[in-house]
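Numbering (this note's numbering), first residue to last: 1 to 279. Ideal Cβ positions, reconstructed from N, Cα and C, are used throughout, including at glycine.
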Amino acid sequence: MATKVVKFGGSSLADAKQIQKAAAIIKADPQRRYVVPSAPGKRFSKDIKVTDMLYTCYDLAEQGLDFSDALQAIRERYNDIITGLGMTFSLDDEFEEIAANFKKRAGKDYAASRGEYLNGKVIAAYLGFPFVDAAEVIFFQPDGSLNDEKTESVLRERLSTLEHAVVPGFYGCGADGYVKTFSRGGSDVTGSIVAGAVKASLYENWTDVSGCLVTDPRIVKNPEVIHTITYMELRELAYMGASVLHEDAIFPVRKAGIPINIRNTNRPEDDGTMIVEST
Ligand code: ADP
Ligand code: ASP
Ligand code: MG
């Protein structure tokens with residue numbers, strides 16, 4: 001059976017209702033075996049992404065200030081999700097550990113990565129899929145770049161034993177053994193790495209627009225969706241400021257000859273954009 005890797009962005013997983021949409025998409029196709037979630041994003045335009053809440057919270061911890069209210073606000077976001085999904089699932093142990101690690105100054109990257117880590121735990125439990133901590137399968141070099149050889153072999157071996165898995169996006173293990181993140185938007189990169197490692201037939205990137213648009217929808221109203229685009233054309237679009245995908249998400253799938261399909265979690269009936277080598 002062909003395998004698809006599906007990555008869901010922050011707005012696609014911002015609350016229980018969005019996670020239910022993502023779960024329905026995953027369950028609709030048995031080829032969708034490996035899931036890469038982002039941290040919960042914005043539920044409305046003035047909302048704050050969990051990743052940003054974590055950075056702010058850790059800033060307080062680093063300055064030796066009381067961060068309990070800031071951490072409690074993050075906890076409430078997850079509790080709302082868990083209740084909204086009708087689950088009896090607790091993140092109490094995880095939050096206790098996070099608080100202790102913040103006190104020990106575990107690092108800004110560790111702090112930010114907890115958004116994906118916790119969302120991954122919730123989503124894995126909701127789907128009934130095993131959770132694979134990205135810190136155990138994604139590795140960086142001392143210079144901060146991806147250790148692609150080690151990552152590919154460890155990831156491939158680990159996932160070969162699992163029919164399904166949830167691998168949180170955005171982070172991995174630094175050369176010093178501490179958690180390290182990609183740059184912002186980096187869950188796209190994790191999805192691409194997972195797709196490359198399992199030799200997926202397709203990397204589906206689920207977001208809040210129906211594909212790659214001819215211009216930035218935040219600037220021009222209702223721009224047209226591009227049905228098919230090459231990796232090269234996408235890069236040109238990105239140079240002009242169109243940022244639907246992290247630029248480092250291209251290489252791992254392109255190298256393996258895997259197309260990317262940008263899809264809309266809120267309109268799964270739309271075909272989205274296929275990103276391919278050549279048309
Ligand atoms: P996610 O949280 O799912 O990773 P992002 O916010 O990173 O989503 O990327 C999707 C957003 O990119 C869209 O909501 C849109 O506002 C913005 N965007 C900018 N330029 C483009 C473009 N040319 N095509 C599509 N989306 C674009
Ligand atoms: N949550 C991280 C960010 O906000 C990574 C991602 O969403 O891809 O940048
Ligand atoms: Mg993104």
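Shorter than 7 Å, the distance from the beta carbon of residue i to the closest heavy atom of the ligand ASP, or not?
i, result
"Ala39", "yes"
"Thr51", "yes"
"Gly120", "no"
"Phe251", "no"
Taking the alpha carbon of residue i as the point to measure from, which residue in the options has its own alpha carbon closest?
i, options, result
"Lys27", "Val276, Lys49, Lys4, Tyr231", "Lys4"
"Asn266", "Asp216, Ile25, Ser153", "Ile25"
"Thr273", "Arg254, Gly211, Ile250", "Gly211"
"Ser90", "Lys104, Leu118, Ala100", "Leu118"
"Gly128", "Glu116, Arg105, Met87", "Met87"
"Val244", "Thr279, Glu277, Asp188", "Asp188"
"Val122", "Cys57, Asn101, Asn79", "Asn79"
"Ile81", "Ser12, Ile138, Asp59, Cys57", "Ser12"
"Thr279", "Asn264, Pro259, Asp270", "Pro259"
"Gly107", "Leu146, Glu236, Ala195, Asp59", "Asp59"
"Ala321", "Ala70, Val50, Lys255, Glu116", "As displayed, the chain neither begins before 1 nor continues past 279, which places residue 321 out of reach and without an answer."
"Arg235", "Asn264, Glu277, Asn222", "Glu277"
"Glu152", "Ala195, Arg43, Gly115", "Ala195"
"Gly186", "Lys180, Phe170, Val179, Asn264", "Phe170"
"Thr83", "Tyr126, Ile138, Val179, Val166", "Tyr126"
Based on the DSSP output, what are the partners of residue i in its beta bridges?
i, result
"Val6", "Val35, Glu204"
"Val276", "Thr230"
"Tyr178", "Partner(s): none; Tyr178 has no beta bridge."
"Gly172", "Lys180"
Distance, Cα to Cα, residue i vs residue j?
i, j, result
"Met240", "Ile219", "13 Å"
"Ala175", "Glu94", "24 Å"
"Gln72", "Ser183", "25 Å"
"Leu213", "Gln18", "22 Å"
"Val198", "Asn205", "16 Å"
"Asp280", "His164", "The first residue shown for the chain is 1 and the last is 279, placing residue 280 beyond what the model contains."
"Val35", "Leu202", "13 Å"
"Gln141", "Ala39", "24 Å"
"Met1", "Gln31", "7 Å"
"Phe131", "Gly10", "18 Å"
"Ala238", "Met232", "10 Å"
"Lys150", "Glu157", "11 Å"
"Glu224", "Asp92", "45 Å"
"Val253", "His246", "13 Å"
"Gly177", "Thr230", "37 Å"
"Ala23", "Phe67", "33 Å"
"Cys57", "Asp15", "20 Å"
"Lys221", "Thr215", "9 Å"
"Thr190", "Asp47", "25 Å"
"Glu62", "Ile98", "13 Å"
"Phe251", "Ser145", "13 Å"
On the CB-based measure, 16 or more other CB atoms within 10 Å of its CB, does residue i come out buried or exposed?
i, result
"Ser113", "buried"
"Gly257", "exposed"
"Asp143", "exposed"
"Met53", "buried"
"Leu65", "exposed"
"Gly172", "buried"
"Ala249", "buried"
"Lys104", "exposed"
"Arg77", "buried"
"Thr207", "buried"
"His227", "exposed"
"Ala307", "In this structure the chain extends from 1 to 279, so residue 307 is not present and cannot be described."
"Ala135", "buried"
Examine chain D for any beta-carbon lying closer than 8 Å to the beta-carbon of residue i, and answer yes or no.
i, result
"His227", "In the displayed structure, chain D is absent; only one protein chain is listed."
Considering only heavy atoms of the ligand ADP, does any lie closer than 7 Å to the CB of residue i?
i, result
"Val209", "yes"
"Ser192", "no"
"Ser183", "no"
"Thr215", "yes"
"Leu237", "yes"
"Ser243", "yes"
"Cys173", "no"
The ligand MG heavy atoms versus the CB of residue i: any closer than 7 Å?
i, result
"Asp66", "no"
"Gly9", "yes"
"Asp248", "no"
"Asp188", "yes"
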